[in-house]
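>
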Amino acid sequence: MELAAKAHLQKRAFIKSILDLGLHGPLAALCVSHDDEGYLRMRKASHLIGILGLNEMVEAVTGCQLHESKHAEQLGQAVIQYMDLKCQQLSERLGLKIVLEQTPAESTALRFAKLDLRTYPDVARKYIKGSFDTGEIYYTNSTHLNYKLVQDPIDKVTREGVLHPMIKAGAITHVWMGEHKPDPKALASFVIKTFRHSENAQVAFSPEFTICNECNHIERGLSDSCSRCGSADVDGITRVTGYFTRTSSWNAGKRGELRDRARGPVKAPA
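The working numbering numbers the first residue of the sequence shown as 3 and each following residue consecutively.
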């Protein structure tokens, strides 16, 4: 975390040197001002430190993943609490706003797994998720629970939400719906219960679709062929981290995560 803060200081100094060029510099648009400050107010900037693989970390220490024991869950909470406190201390010492973030890690989840597999092959294979046969390996993103875990969605948002107040730059829980088309009243009830009975900061309902590159037909769920014209030239569309995109553009780690996701309908919570 000290190294990340040092990197932020260097980046901040570099950006300031460019901003100091004013309207003649490459960031001229950010210098336009109708008051005493430009569009980019550096004094209000947040400096983020991302989290990746909390699930595997507690598994390596306790022998259990976050969802498998109370001890593992408590250790995960203690780690994030310490990191949040460290961010506060760094902020006070350096005069910057430094906060934790659930990093998107579109490529980092794969990259870190490959690096550990290369450096510590015997140990890393015990904790890395995905398929070693296909190379679709990854670490569980940020503070998420294991993607294969089949559980009540309201339980998932409640358990993951315990950590969200300490992740001040933004946190999210994904509810993978697959091909299921949710009932609007069930969704409304789910959101209300999440708001009233959990600390979860943000919930994303993520369906899946197949689009045909021949006839442009779109249908729910991920399929190997088009139900309208029969073409095998199809692509999947679903959420990767915080946005929807075609699955053909995903790297091996995210494809492994996609295969592992436990999907299910959203029902009105009791």
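All residues carry an ideal CB built from backbone N, CA and C; glycine is no exception. None of the values given here were measured: they were computed from a predicted structure.
1) Which residues in the same chain as I174 place their Cβ atom closer than 6 angstroms to its Cβ, once the five residues preceding and following it in sequence are excluded?
2) Given M168, which residues of its chain have a CB within under 7 angstroms of its CB, disregarding the five upstream and five downstream residues?
3) When we look at the beta-carbon of T196 and count the other beta-carbons within 10 Å, is it buried (16 or more) or exposed?
4) Determine the direct distance from the alpha carbon of H49 to that of L98, and round the result to whole angstroms.
5) For S191, which three-state DSSP category applies?
6) Where do the N-terminal and C-terminal ends of the beta strand (DSSP E) with R263 fall, by residue?
7) Pull up the DSSP beta-bridge partners for L102, would you.
8) By the 10 Å Cβ neighbour count, where 16 or more other Cβ atoms means buried, how is F134 classified, buried or exposed?
9) Given a cut-off of 8 angstroms, decide if Q91 and K172 are closer than it, judged by their beta-carbon atoms.
10) With respect to 7 angstroms, is the separation between the Cβ of I174 and the closest non-hydrogen atom of the ligand MG below this value?
11) Between the alpha carbons of Y149 and A188, how many angstroms are there, rounded?
12) By DSSP, does P209 sit in helix, in strand, or in coil?
13) For H69, which residues in the same chain have their Cβ closer than 8 angstroms to its Cβ, ignoring the five residues on either side in sequence?
14) The alpha helix (DSSP H) that contains M85, what's its start and end?
15) So what's E108 in DSSP terms, helix, strand or just coil?
16) Exposed or buried, I194, counting other C-beta atoms within 10 Å across all chains shown (16 or more means buried)?
17) Taking the CB atoms as reference points, tell me whether A115 and I100 lie closer together than 8 angstroms.
18) Please list, in chain order, all residues of the same chain as A111 whose beta carbon is under 7 angstroms from its beta carbon, the five residues on each side excluded.
19) In the DSSP assignment, the alpha helix (DSSP H) including E160 goes from what residue to what residue?
20) Between which two residues does the alpha helix (DSSP H) holding T64 run?
21) Please report how far the alpha carbon of S35 lies from the alpha carbon of F16, in whole angstroms.
22) If distances are taken between C-alpha atoms only, which option among T121, R230 and F246 comes closest to P106?
23) Please state if the CB of G223 and the CB of E259 are separated by a distance shorter than 8 angstroms.
24) So A7 and L96 are supposed to be a Cβ contact under 8 angstroms. How far apart are they, rounded?
25) Is the beta carbon of I51 sitting closer than 8 angstroms to the one on C89?
So, to answer that:
1) Q204 and A206
2) I82, Q83, D86 and L102
3) The residue is buried, with at least 16 neighbouring Cβ atoms inside 10 Å.
4) 7 angstroms
5) helix
6) Counted as a single uninterrupted DSSP element, the stretch harbouring R263 is not any beta strand (DSSP E), since DSSP gives it neither H nor E.
7) Per DSSP, the beta-bridge partners of L102 are I51.
8) exposed
9) The identity of residue 172 in the sequence shown is Gly, whereas the question assumes Lys. Result no, Cβ atoms of G172 and Q91 do not sit closer than 8 angstroms.
10) No copy of the ligand MG occurs in the structure displayed, which carries no ligand at all.
11) 23 angstroms
12) DSSP places P209 in strand when its eight states are reduced to three.
13) E75, L147, N148, L151, Q153 and R161
14) Residues K72 to L96.
15) Of the three classes helix, strand and coil, the one that applies to E108 here is coil, per DSSP.
16) exposed
17) Judged by their CB atoms, A115 and I100 are not nearer to each other than the 8 angstroms cut-off.
18) Cβ within range, chain order: L54, Y140, Y141, N143 and G255.
19) Just to set this straight, residue 160 is Thr in the shown sequence, not Glu. From DSSP, the alpha helix (DSSP H) with T160 extends over P155 to G163.
20) L56 to T64
21) 21 angstroms
22) F246
23) no
24) 6 angstroms
25) Yes; because the gap between Cβ atoms is below 8 angstroms, this pair is in contact.
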